[in-house]
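Each protein sequence line maps, in turn, to chains L and U.
All you need for our numbering is the position in the first sequence, starting with 1, plus 4.
All you need for our numbering is the position in the second sequence, starting with 1, plus 4.
Note that the Cβ used here is the ideal one computed from N, Cα and C, for glycine as well.
In what follows, a single structure is set out as structure tokens and then discussed.
Protein chains: 2
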Amino acid sequence: MAAHMHKTRRTPAPTIKTLAEITGYSIATISKALRDSPVVAPVTRDLIFKAAREVGYQANARGMALRTGKSFQAAVLMPVTAARDYEWDGVEYTQVLSGVSQALEGTDYRMSVHVIRDAADGVETARRIVDQGLADGLIFSGILADDPRIDLLVDQHFPFVSMGRCRKDLDYAHVDIDNEWAAHAATARLLAGGHRRIALVNPERRLSYALDRLDGFARAFREAGIAASVDLVVEGDLSTHFGRQSVIDLLQAAEPPTAFVCINESTTLGVLSGLGSLGRQVGVDVDVIAYDDINVSAYFTPPITTFYQPIEVLGRTLGQFLLKRMEGEDPKALRQVFRPTLIERQPDNLGGRLV
Amino acid sequence: MAAHMHKTRRTPAPTIKTLAEITGYSIATISKALRDSPVVAPVTRDLIFKAAREVGYQANARGMALRTGKSFQAAVLMPVTAARDYEWDGVEYTQVLSGVSQALEGTDYRMSVHVIRDAADGVETARRIVDQGLADGLIFSGILADDPRIDLLVDQHFPFVSMGRCRKDLDYAHVDIDNEWAAHAATARLLAGGHRRIALVNPERRLSYALDRLDGFARAFREAGIAASVDLVVEGDLSTHFGRQSVIDLLQAAEPPTAFVCINESTTLGVLSGLGSLGRQVGVDVDVIAYDDINVSAYFTPPITTFYQPIEVLGRTLGQFLLKRMEGEDPKALRQVFRPTLIERQPDNLGGRLV
DNA sequence: AAGAAAAATAAAAACGTTTTTATTTTGATG
DNA sequence: CATCAAAATAAAAACGTTTTTATTTTTCTT
Numbered sequence: 005m006a007a008h009m010h011k012t013r014r015t016p017a018p019t020i021k022t023l024a025e026i027t028g029y030s031i032a033t034i035s036k037a038l039r040d041s042p043v044v045a046p047v048t049r050d051l052i053f054k055a056a057r058e059v060g061y062q063a064n065a066r067g068m069a070l071r072t073g074k075s076f077q078a079a080v081l082m083p084v085t086a087a088r089d090y091e092w093d094g095v096e097y098t099q100v101l102s103g104v105s106q107a108l109e110g111t112d113y114r115m116s117v118h119v120i121r122d123a124a125d126g127v128e129t130a131r132r133i134v135d136q137g138l139a140d141g142l143i144f145s146g147i148l149a150d151d152p153r154i155d156l157l158v159d160q161h162f163p164f165v166s167m168g169r170c171r172k173d174l175d176y177a178h179v180d181i182d183n184e185w186a187a188h189a190a191t192a193r194l195l196a197g198g199h200r201r202i203a204l205v206n207p208e209r210r211l212s213y214a215l216d217r218l219d220g221f222a223r224a225f226r227e228a229g230i231a232a233s234v235d236l237v238v239e240g241d242l243s244t245h246f247g248r249q250s251v252i253d254l255l256q257a258a259e260p261p262t263a264f265v266c267i268n269e270s271t272t273l274g275v276l277s278g279l280g281s282l283g284r285q286v287g288v289d290v291d292v293i294a295y296d297d298i299n300v301s302a303y304f305t306p307p308i309t310t311f312y313q314p315i316e317v318l319g320r321t322l323g324q325f326l327l328k329r330m331e332g333e334d335p336k337a338l339r340q341v342f343r344p345t346l347i348e349r350q351p352d353n354l355g356g357r358l359v
Numbered sequence: 005m006a007a008h009m010h011k012t013r014r015t016p017a018p019t020i021k022t023l024a025e026i027t028g029y030s031i032a033t034i035s036k037a038l039r040d041s042p043v044v045a046p047v048t049r050d051l052i053f054k055a056a057r058e059v060g061y062q063a064n065a066r067g068m069a070l071r072t073g074k075s076f077q078a079a080v081l082m083p084v085t086a087a088r089d090y091e092w093d094g095v096e097y098t099q100v101l102s103g104v105s106q107a108l109e110g111t112d113y114r115m116s117v118h119v120i121r122d123a124a125d126g127v128e129t130a131r132r133i134v135d136q137g138l139a140d141g142l143i144f145s146g147i148l149a150d151d152p153r154i155d156l157l158v159d160q161h162f163p164f165v166s167m168g169r170c171r172k173d174l175d176y177a178h179v180d181i182d183n184e185w186a187a188h189a190a191t192a193r194l195l196a197g198g199h200r201r202i203a204l205v206n207p208e209r210r211l212s213y214a215l216d217r218l219d220g221f222a223r224a225f226r227e228a229g230i231a232a233s234v235d236l237v238v239e240g241d242l243s244t245h246f247g248r249q250s251v252i253d254l255l256q257a258a259e260p261p262t263a264f265v266c267i268n269e270s271t272t273l274g275v276l277s278g279l280g281s282l283g284r285q286v287g288v289d290v291d292v293i294a295y296d297d298i299n300v301s302a303y304f305t306p307p308i309t310t311f312y313q314p315i316e317v318l319g320r321t322l323g324q325f326l327l328k329r330m331e332g333e334d335p336k337a338l339r340q341v342f343r344p345t346l347i348e349r350q351p352d353n354l355g356g357r358l359v
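Next up, the structure:
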């Protein structure tokens, strides 16, 4: 049962030279054959492939890398907010990584992860990746309304796919969630339920999707012919702490909100915590609609209505797009915006009292 | 303000040859000087460093890699359970990655992440990393009682650090949490509070730390001279779903538990969800003690008593140990077991009714 | 001051590829 | 069957390092 042991120093891995010796062809021919070059005769190609298979030849990534100048790395920038203590944050990133790695499976590319602490760190890291050729392509998120990374990479013609769109009109590959739509839908639903004082728990305004959500929020009010409760928009990091504190602050207002639109599951948990400690009950005193990408809202007590978008799907698309982008495909063709699906778990009209 | 633009194709990055031309020394001397070899005269060493700094020389990783046979990659195996749908899972891994990357900062090593779907995939990936030299060192977690990855890597003398210990007596670098101790402490606390029917929500038994926790659980009962409620031990994946379902099942028993010891925050959330939907109140009908590594338990309603261990610290230690291990340090010297700290948020004796 | 030893530097080879250029073999043409 | 073009293969160079070996320069000894 135990794994096959080879305690003895195993024979050095076969190289292209090994194949040359075995088959009698020159290393040049071997190389071309393995790359499926049309200049090598089909019959010898087959011979060489067979030999390669027999000795278990695996191209040496380092040799390839040196010669071609490529690194065969797809880099992902992973933000970790050096937030207060260690907060529940960035949890969905494992899903992104999982998705990207799925897309890369079976290709020559490996995924390298670069942790970044803040926006400036992100730019610096991106620049280093480009300048030093640390990777052949780049994936990143947390897109700012005016994101210097996008500027840099577009300018340098470096292949990348962003998770999120900036507010500049540039041609670049991206994957995004339709935040304007989601915020609109959530707000409209609450308005239809009779709510008028609606709080929006939003990320910092320099983030592009914060603006998207603000837009959707405002549009819902506009379409309903009602003045938007813009005084109930709070902005901060997306931590649980922030969610909790926001609720505590907002409910002290002269005209407190009767409903909350939340940005992600960690903030939502904080909001629920805040409501709980103030003795307010979801579905009775207030309504909450969340956005969720790790499918956790079902387990909150009570379960809450959610716009759900499995983030791994975005990750997979990011990876696929990056592969195509590295092949030279036009970025204009590589764009996709996902609409989350609504999962109704509450009536969202204070148990019917509002309509 | 805008970033310095260089639209023109920038001059090729300076190499060791560039430095040779500038300084007039041979590339051999340049190389040795940059490596701080003692054979080169201090004065020329300084000259060469100065030149290197002036032209912004950065060693080409690919060239180094090819020549030395090293990859300068520290690989991390990241498990993603292809669990039902997309569950809240592996969330703490961003902290691990963050910690590892912190440790690697300023070194020549980069972090590459390999996603693995299950144990078999983990072994296969580890083998590929070793055989193809995809990395110079490896970090992984989810250690089984008998873990083939540890066997493999010890056998091949491949540098690695495991997050967790297997049950075999082998010499290998590792970082762990004292799960036996934590489970014992939690159980003892509940026993002292008067609980007798205590449920243990545990991971699958093939995981090494599941056994550790079982040991601690049993020891607490033994020390109290009470028969352990082993019939209340449930085992499964660590999903929120599992936590919820476990509660629902357990509370239907003839002699249901009055207290729960939970394994991680995601399971705890499920447990709380289950209790909530059965109308049981924490601190009134049942007590819950959790283990937490992302500091989220404070936000559950009500906040619950927790053994807390910031996982990023483990990650940092993993990275530090791996660096030393790759330098050839004796694995015996590279072991650390952390004891989480108890954060008391509940009396854990059913509001005093039990003592 | 000659010679040897030590120190400093240079030259050359190697790592495993890909690519450009050169050579050989094959096939077609008249 | 001789000639030439096309096809197939081989040789050589290159990518940027490190390391081994060789050479030059300096320092020490007597």
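- Within the stretch 169-185 of chain U, no residue has its Cβ closer than 7 angstroms to any Cβ of chain L.
- Taking 9 angstroms as the cut-off between beta carbons, the residues of the stretch 230-245 of chain L near chain U are Thr244, His245, in sequence order.
- Taking a cut-off of 8 angstroms on C-beta distances, the stretch 193-213 of chain U touches the stretch 236-246 of chain U, as three or more cross pairs fall below it.
- The beta carbons of Leu211 of chain L and Phe144 of chain L sit about 13 angstroms from each other, so the pair does not count as a contact at 8 angstroms.
- Unbroken alpha helix (DSSP H) stretches of 4 residues or longer found wholly inside the stretch 182-210 of chain U: 183-196, given in chain order.
- Beta-bridge partners assigned by DSSP to Ser116 of chain U: L:Ser116, U:Ala79.
- Within the same chain, Cβ atoms closer than 7 angstroms to the Cβ of Glu316 of chain L are found at Gln99, Ser102, Gly103, the five residues on either side in sequence being excluded.
- For the stretch 306-333 of chain U, the set of residues with a beta-carbon nearer than 7 angstroms to any beta-carbon of chain L comprises Pro314, Glu316, in chain order.
- Where Gly103 of chain L is concerned, there is no enclosing beta strand (DSSP E), although the alpha helix (DSSP H) around it starts and stops at 97-108.
- Going by DSSP, Ser166 of chain U is part of no alpha helix (DSSP H) but of the beta strand (DSSP E) stretching over 164-167.
- Inter-residue distance for Ala302 of chain U and Thr191 of chain L is about 29 angstroms (C-alpha atoms, whole angstroms).
- Residues of chain U whose Cβ lies closer than 8 angstroms to the Cβ of Gly280 of chain L are, in chain order, Thr305, Pro306.
- Not flagged as an interface residue toward chain U: Leu195 of chain L, since no C-beta distance is shorter than 8 angstroms.
- In its chain, beyond the 5 residues on either side, Phe76, Ala78 have a beta carbon closer than 6 angstroms to the beta carbon of Tyr113 of chain U.
- Contacts between Ser277 of chain L and chain U, judged by CB atoms closer than 9 angstroms, involve Ala302, Tyr303, Phe304, Thr305, Pro307 in chain order.
- Its chain contains Glu184 as the residues whose beta carbon lies nearer than 7 angstroms to that of Asp219 of chain U, once the 5 sequence neighbours on both sides are disregarded; these appear in chain order.
- If you compare the alpha carbons of L:Leu354, L:Ala32, L:Gln324, L:Thr19 with that of Val179 of chain L, the shortest gap goes to L:Gln324.
- Taking 8 angstroms as the cut-off, the Cβ atoms of Asp182 of chain L and Val341 of chain L count as close.
- The continuous beta strand (DSSP E) containing Ile143 of chain U extends over residues 141-144.
- The shortest C-alpha to C-alpha distance from Tyr312 of chain L to any of L:Thr72, L:Asp297, L:Arg320 is the one to L:Asp297.
- Here Leu70 of chain L really is in contact with Gly67 of chain U; their C-beta atoms are around 6 angstroms apart, less than 8 angstroms.
- Rounded to whole angstroms, the separation of the alpha carbons of Pro261 of chain U and Arg201 of chain U is 5 angstroms.
- Using a Cβ-Cβ distance cut-off of 8 angstroms, the stretch 142-156 of chain L and the stretch 142-159 of chain U are not in contact, since fewer than three pairs of beta carbons, one from each stretch, lie closer than that value.
- Secondary structure at His178 of chain L: strand, using DSSP grouped into helix, strand and coil.
- Interface annotation, Ser105 of chain U: in contact with chain L, CB-CB separation under 8 angstroms.
- A distance of 8 angstroms or more separates the beta carbons of Val265 of chain U and Ala214 of chain U.
- With contacts defined by Cβ atoms closer than 8 angstroms, Val290 of chain L and Leu276 of chain L do not form a contacting pair.
- For the C-beta of Met115 of chain L, the chain U residues within less than 9 angstroms are, from N- to C-terminus, Ser116, Val117, His118, Val119.
- Here Val288 of chain L is exposed: its Cβ has fewer than 16 other Cβ atoms, across all protein chains shown, within 10 Å.
- Boundaries of the beta strand (DSSP E) harbouring Val238 of chain L: 237-240, taken from the DSSP string.
- For the stretch 266-322 of chain U, the full-length alpha helix (DSSP H) segments reaching 4 residues or more read 269-281 along the chain.
- According to DSSP, Ala263 of chain U shares a beta bridge with U:Ile202, U:Asp291.
- For Arg284 of chain L, the closest Cβ of chain U is not nearer than 8 angstroms.
- DSSP, reduced to helix, strand and coil, places Val44 of chain U outside both helices and strands of the structure shown, so it counts as coil.
- Considering only beta carbons, the part of the stretch 143-154 of chain L lying closer than 8 angstroms to chain U consists of Pro152, in chain order.
- Contact check for Thr309 of chain U against Gln350 of chain U passes: the beta carbons are separated by less than 8 angstroms.
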